[in-house]
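Comments concern the structure below.
Chains as they are written, first to last, in the numbering used here: chain A, 1 to 290; chain B, 291 to 551.
In structure tokens, the structure reads:
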């Protein structure tokens, strides 16, 4: 039973990561490969706080989000001045830097990571079962979904899509493209970092591999398979792509090569969707990635 | 009809503006001014530097030297969105519509200083935001109606016909409430009937208090609409004046009207 709840927990966390990334990739046309890095920032800040200072849920979530904002400022200031593929490469660079820091700093425990994270507390209540932690992850995903929906349906959301279509035209209308991109980049990082917080509390031990480039590519795969510009698509694809490797465990694949098979199948999905079904499972737009 | 550029203080002044791309002098020591409430046309053959002038005015390109004054204040060096906010709106030769946004969204996006344009305001929501959004949407619908695009509100811009796209581009331009409108070949590619329609619209815009700087290839339209004509050749101004004067200027006939002796 715990196993099923754990899978559900992952689905909710990846739904949050995918929705927040979709705001960048699908709505604004900012293809960021740094989402796992932002996720990791939240996870590590939470682990360090919980191990050393406080495991108050609200406080650690807020401080992790603040850390996500701080790091995304560092990424955004140079990267958002760049266009398209240069932005992508810049975020990939930051992803690698963040990963290297996790891997090599003494503070983050190097390749072994951090473990023994205590259960989170909120107003005297301790979340110590996996079901309770699962419900936290679902709550975060719901909040993220509702706020993302609100943003995308607002005049601000209209400007996001306008930026995706034609930045020069947006600035000719008296709107600052930089401000628009900057706001959504920060918003996205806050939710990625908050997902990191709940991830740390869920598994109580973290290591750098969970926040490597592969993870960023996995999150972007969810966005593309679900459909760029579709929040529902991101939720659906998060559920399906988390289920996929679990389902494959029932196939007679040797445990030794299972992770590779998993990577290959994600790769194939990515190729298939970008080549044959650009709107994703339920997406609206076909050529965001043109 | 014609006004000489020295009669009032002009809305837009270009002073000794130059821009080179590598060895190519796209615009060279260009000076002219645009009177408020007038239609000024910029004419010249392909590669004369007309669109470069637009890009310099709107801040999409930085000038190598020279000044641009709008309402008496320097605007050269400002980023494009600040120049647009100051009151200069432009259309593009290749339209640059938001292709996969609805016609309504294309126009609504251009309305200045909307409450819900900030992320924070849109997250907070509230009754005032909703009221402001409704009001802006109604304005956008009104503009679409004026441009005979009623009924196409929800169509994606890319689904409209070329003529409708040009109208939509004009709607987006008008939604900015800019005082000076830079129109880059507004009638190119249109049917004769629609060309007439556009000319009427441009005239009515001036009657409503707008000022227009026009790039146009159709000489008949230029002669009919303009209060003032500036002729460019290889990045330099070779003549300017009221349409009749320019029409009789020999060098214009050589370089632009294609009448060679």
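We put the CB at the ideal spot given by N, CA and C, even for glycine.
Does the beta carbon of residue 28(A) sit closer than 9 Å to a beta carbon anywhere in chain B?
In the first chain, the residue the question calls residue 28(A) occupies position 28. No, residue 28(A) lies away from the interface with chain B (no Cβ there is under 9 Å from its Cβ).
CB contact check: residue 242(B) to chain A, cutoff 9 Å
Only positions 291 to 551 of chain B appear in this structure, which leaves residue 242(B) out of reach.
Terminal residues of the beta strand (DSSP E) in which residue 330(B) lies
As a first step, residue 330(B) is located in the second chain; it is residue number 40 there, counting from the start. Under the DSSP assignment, residue 330(B) falls in the beta strand (DSSP E) whose first and last residues are 329-333.
Contacting residues, own chain, Cβ-Cβ under 8 Å from residue 418(B) (five flanking each side not counted)
Along the second chain, one-based indexing puts residue 418(B) at 128. Excluding residues within five positions, the ones whose Cβ falls inside 8 Å are 405.
Cutoff 9 Å: residue 460(B) Cβ touching any chain A Cβ
Looking up residue 460(B) in the second chain gives position 170. Chain A, which has no Cβ nearer than 9 Å to the Cβ of residue 460(B), makes this no.
So, do the region 180-190 of chain A and the region 28-45 of chain A have three or more beta carbon pairs nearer to each other than 8 Å?
The region 180-190 of chain A, when compared against the region 28-45 of chain A, does touch it at the 8 Å Cβ threshold.
Please tell me whether, using a cut-off of 8 Å, the distance from the CB of residue 97(A) to the nearest non-hydrogen atom of the ligand SAH is below it.
With respect to small molecules bound, the structure shown includes none, and the ligand SAH cannot be examined in it.
For residue 518(B), count neighbouring C-beta atoms within 10 Å of its own C-beta (all shown protein chains included) and say buried if the count is 16 or more, exposed if not.
Taking the second chain and counting its residues from 1, the one referred to as residue 518(B) is at position 228. By the neighbour-count rule (16 or more Cβ atoms within 10 Å), residue 518(B) is buried.
Boundaries of the beta strand (DSSP E) in which residue 272(A) is found, first to last residue:
Here residue 272(A) is taken as the residue at index 272 of the first chain, counted from 1. Per DSSP, residue 272(A) is not a residue of any beta strand (DSSP E); the alpha helix (DSSP H) it occupies stretches across 258-276.
Residue-chain proximity (residue 442(B), chain A), Cβ-Cβ < 9 Å
If you number the second chain from 1, residue 442(B) lands on position 152. Not an interface residue.
Could you tell me which whole alpha helix (DSSP H) segments of length 4 or greater appear in the region 465-538 of chain B?
Fully contained in the region 465-538 of chain B are the following alpha helix (DSSP H) runs of length 4 or more, in chain order: 482-497, 509-515 and 533-537.
Check the DSSP bridge columns for residue 315(B) and list the partner residues they point to.
Along the second chain, one-based indexing puts residue 315(B) at 25. For residue 315(B), which the question treats as bridged, DSSP gives the partners 310(B).
Which of the three DSSP states, helix, strand or coil, is assigned to residue 81(A)?
Residue numbering aside, residue 81(A) sits at position 81 when the first chain is read from its first letter. Note: residue 81(A) maps to coil in three-state DSSP.
Which value, in whole angstroms, describes the spacing of the CA atoms of residue 343(B) and residue 209(A)?
The sequence position of residue 343(B) within the second chain is 53, counting from 1. The sequence position of residue 209(A) within the first chain is 209, counting from 1. Straight-line measurement puts the Cα of residue 209(A) at about 53 Å from the Cα of residue 343(B).
Taking the Cβ atom as the reference point for each residue, do residue 12(A) and residue 120(A) lie within a distance shorter than 9 Å?
Position 12 of the first chain, counting from 1, holds the residue named residue 12(A). Position 120 of the first chain, counting from 1, holds the residue named residue 120(A). No, these two residues do not count as a Cβ contact at 9 Å.
With which residues is residue 357(B) paired in a DSSP beta bridge?
Looking up residue 357(B) in the second chain gives position 67. Per DSSP, the beta bridge partners of residue 357(B) are 305(B).
According to DSSP, what are the bridge partners of residue 269(B)?
Past the edges of chain B, shown from 291 to 551, lies residue 269(B), and the structure says nothing about it.
For residue 16(A), the nearest candidate out of 91(A), 234(A) and 112(A) (CA to CA)
One-based indexing of the first chain puts residue 16(A) at position 16. Nearest of 91(A), 234(A) and 112(A) to residue 16(A), Cα basis: 234(A).
With a threshold of 16 other CB atoms inside 10 Å of the CB of residue 53(A), please say whether the residue is buried or exposed.
For the purposes of this step, residue 53(A) is taken as residue 53 along the first chain, with counting starting at 1. By the Cβ-count criterion, residue 53(A) is exposed, with fewer than 16 other Cβ atoms from all chains shown falling within 10 Å of its own Cβ.
Quick one: which chain B residues come within Cβ less than 9 Å of residue 68(A)?
Position 68 of the first chain, counting from 1, holds the residue named residue 68(A). The CB of residue 68(A) never comes closer than 9 Å to any CB in chain B; the least such distance is about 15 Å.
Along the chain, where does the alpha helix (DSSP H) containing residue 373(B) start, and where does it finish?
Numbered from its first residue, the second chain carries residue 373(B) at position 83. Note, residue 373(B): alpha helix (DSSP H), 370-376.
Contact check, residue 40(A) vs residue 102(A) under 8 Å by CB: the rounded distance?
Locating residue 40(A) in the first chain gives position 40, counting from the first residue. Locating residue 102(A) in the first chain gives position 102, counting from the first residue. 6 Å between Cβ atoms; contact.
Can you check DSSP and say which residues form a bridge with residue 121(A)?
Reading the first chain from its first residue, position 121 is the one you call residue 121(A). For residue 121(A), the beta-bridge partners assigned by DSSP are 56(A) and 126(A).
For the region 147-224 of chain A, list the alpha helix (DSSP H) runs that are entirely contained and at least 4 residues long, ordered along the chain.
Fully enclosed alpha helix (DSSP H) runs of 4 or longer: 155-165, 167-172 and 177-203.
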